[in-house]
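Down below is the structure, laid out as structure tokens.
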Amino acid sequence: MTVSSAPGKVYLFGEHAVVYGEPAVPCAIERRATVTVDPRDDDVVRVVAEDLSLNGFAVEYSGSTDEHPDVDVPTPLVEAAMGYVDAAVDQARDAADAPDAGFDITVESEIPLGAGLGSSAAVVVAGIDAATRALDVELSPREIADRAYQAEHEVQDGQASRADTFASAMGGAVRVEGDDCQPIDAPSLPFVVGFDGGSGDTGKLVAGVRALRDRYDFAAQTVETIGDIVREGEALLADADAEAGADPDEELLESLGELMNFNHGLLEALGVSSRSLDSLVWAARSGDAYGAKLTGAGGGGCIVALDPTPETETALQYTPGCEDVFRAELATTGVRAEDGEVRDE
Ligand code: PMV
1 MTVSSAPGKV YLFGEHAVVY GEPAVPCAIE RRATVTVDPR DDDVVRVVAE DLSLNGFAVE
61 YSGSTDEHPD VDVPTPLVEA AMGYVDAAVD QARDAADAPD AGFDITVESE IPLGAGLGSS
121 AAVVVAGIDA ATRALDVELS PREIADRAYQ AEHEVQDGQA SRADTFASAM GGAVRVEGDD
181 CQPIDAPSLP FVVGFDGGSG DTGKLVAGVR ALRDRYDFAA QTVETIGDIV REGEALLADA
241 DAEAGADPDE ELLESLGELM NFNHGLLEAL GVSSRSLDSL VWAARSGDAY GAKLTGAGGG
301 GCIVALDPTP ETETALQYTP GCEDVFRAEL ATTGVRAEDG EVRDE
């Protein structure tokens, strides 16, 4: 049996614009998806999914993962969860050159599904790691990131960037610009996450931004301006030259917060915020956060704010429409074995 976990993420800056080649800075957070894999003697893949912020369910199919079985749960729900597990299985079979490998797979996740925290990327990353190790193949975190990207790309019809999968596989703060992905040094930023209980349709939201950008020059410029914000933010992090994991100083938090506010305004202009996300953003700001913005595709789901004090959490707790609030520590480790196996560096 192999067990792997991988973290979710928040976007400090740059979602959506990253799809068009602008840089983005996602940060892995200590909310993990855990995938347990048992190889089977036949070519059957059996998946039990629990805690995916949806009702647990079990499905079983044999051979090709192309055909989905008939199960008594709403189709979008099965597609959302199963599409990513299928794609991870396909990548693991390919990496191990074992096209007929069968597995019993259990997926558990602390990351709300489709809420901008990279739940699918974490499941795919942990799934590829656990399934390849089950077949005696060990991939590096970069190789896992790459395969997880191929998997997401396939499931999301070519709309996905490398941001979620790279952050989840590598851990820490990273910068992604097209195919260029690098870890970056960042202090321990005091993230507070607010969740409105909903989720957004990433494909639809990305398509909406693409249509606006094709139609209006000013929308294309808005996307480029988000890129400028990211570059400004990266320069601040680099200048701060803080040791990874050290507490950031107030001046840095103030400047990053200002850029987050700016970034949120531009995402709102691109039509990807929502009434509830805006309301959480404003609650965080009035709770004295240094800055707040939606994270991920938008439409519903989560916001991220910067505040080392408990005030933002308290303000969000008392905000109508806020389902959950939590402090999210930077996950310095990305994908990792949870079964005692030590990865070769
Ligand atoms: O909501 P999430 O976690 O799937 O993030 C989507 C981020 C986008 O930039 C909108 C799309 C992408 O793949 O980068």
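Letter 246 of the sequence shown, counting from 1, is numbered 246 in UniProt numbering, and no numbers are missing. Ideal Cβ positions, reconstructed from N, Cα and C, are used throughout, including at glycine. Remember, predicted model here, so these are calculated numbers, not experimental data.
Each residue's CA atom was taken as its position, placing G14 and V230 some 6 Å apart. For E15, the CB falls within less than 7 Å of some heavy atom of the ligand PMV.
Within 7 Å of the C-beta of S273 there is not a single heavy atom belonging to the ligand PMV.
With a threshold of 7 Å, the Cβ atom of T202 counts as near the ligand PMV, since some heavy atom of the ligand is closer than that.
One alpha carbon belongs to V25, the other to A96, and they sit about 32 Å apart.
Spanning the alpha carbons of G198 and A115 requires a straight line of approximately 7 Å. The ligand PMV has no heavy atom closer than 7 Å to the beta-carbon of D324. For E108, no alpha helix (DSSP H) segment is defined; the enclosing uninterrupted segment is the beta strand (DSSP E) at 102-109.
Taking 8 Å as the cut-off, the Cβ atoms of V192 and A122 do not count as close.
Taken atom to atom, the span from the alpha-carbon of A98 to that of R147 is near 16 Å. Your pair P7 and G171 checks out as a contact, with CB atoms roughly 6 Å apart and the cut at 8 Å.
According to DSSP, V193 shares a beta bridge with V304, F326.
According to the DSSP assignment, V342 belongs to no beta strand (DSSP E), since it is labelled neither H nor E. At least one heavy atom of the ligand PMV lies closer than 7 Å to the C-beta of Q159. Contact between the stretch 283-302 and the stretch 199-208 is present, with at least three C-beta pairs closer than 8 Å. Ranked by Cα distance from R32, the first of S286, V125, E110 is E110. Looking at the backbone, the Cα of E30 and that of A240 are separated by about 23 Å. By the criterion of a C-beta distance shorter than 7 Å, E258 is surrounded in its chain by G291, once the five residues flanking it on both sides are discounted.
In the three-state reduction of the DSSP assignment, A186 falls in the coil class. Per DSSP, reduced to three states, the secondary structure at D94 is helical.
Beta-bridge partners of K9 (DSSP): A28.
In the three-state scheme derived from DSSP, where H, G and I count as helix and E and B as strand, A292 is classed as strand. As far as DSSP is concerned, V19 takes part in no beta bridge.
The three-state reading of DSSP puts A145 in helix, counting H, G and I together. Counting only residues of its own chain and dropping the five nearest sequence neighbours on each side, V37 has a CB closer than 6 Å to the CB of T2, F103, I105, A130, A131, A134.
Counting C-beta pairs with one atom in each stretch, the stretch 167-183 and the stretch 306-321 have fewer than three that are closer than 8 Å, which means they do not touch. Spanning the alpha carbons of K293 and V47 requires a straight line of approximately 35 Å.
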